[in-house]
Amino acid sequence: MRYVAIGDSFSEGVGDELPDGTVRGWADLTALGWANALGAPISYANLAIRGKLAWPIVEEQLEPALALRPTHLSFNGGGNDMLRPRTTIASIADAFSTVLRRCDEEGVRLVLLSGANPSAQLPFRSLIQRR
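Printed below as a string of structure tokens:
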């Protein structure tokens, strides 16, 4: 099994720091869980970078991820886009569609994720919640 994660801070693991300051997020734990379930090591790479918007994730991370010839790829993004006033849902959906199409073309199993809705805790929450 070869697993690659792409995305923003959620996939990178920001907020899930270990006592030594390194991050170990859900993607790392997913890779570990798959390895434990298979009873063998797996190939794993996390290309996610904090702060990325959906289209830069697609443009900068997708093809390098596919070049690693993964059997499984996880994609999470769009949360940072939603914080920007001129973002359209259609643009985010198009980014997701591109990832889905490319994974389908390459025969890669795609894992799509969505994060929690943090808008109730954010400034200008009413603007964000309408989306």
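Every position in the sequence shown, counted from 1, becomes a number in our numbering once 72 is added.
We put the CB at the ideal spot given by N, CA and C, even for glycine.
- Taking C-beta atoms under 8 angstroms as the contact rule, Ser83 and Ala120 qualify, at a distance of about 4 angstroms.
- Between Leu145 and Val86, the alpha-carbon positions lie close to 19 angstroms from each other.
- Judged by DSSP in its simplified three-state form, Leu101 adopts helix.
- Rounded to the nearest whole angstrom, the C-alpha separation of Val130 and Arg174 is 10 angstroms.
- Rounded to the nearest whole angstrom, the C-alpha separation of Ala126 and Glu89 is 24 angstroms.
- Within the same chain, Cβ atoms closer than 7 angstroms to the Cβ of Arg181 are found at Thr143, His144, the five residues on either side in sequence being excluded.
- Excluding five sequence positions before and after Ala117, the CB atoms of its chain that fall closer than 7 angstroms to its own CB belong to Val76, Leu140, given in chain order.
- Here the C-alpha atom of Asp100 lies approximately 25 angstroms from the C-alpha atom of Ile164.
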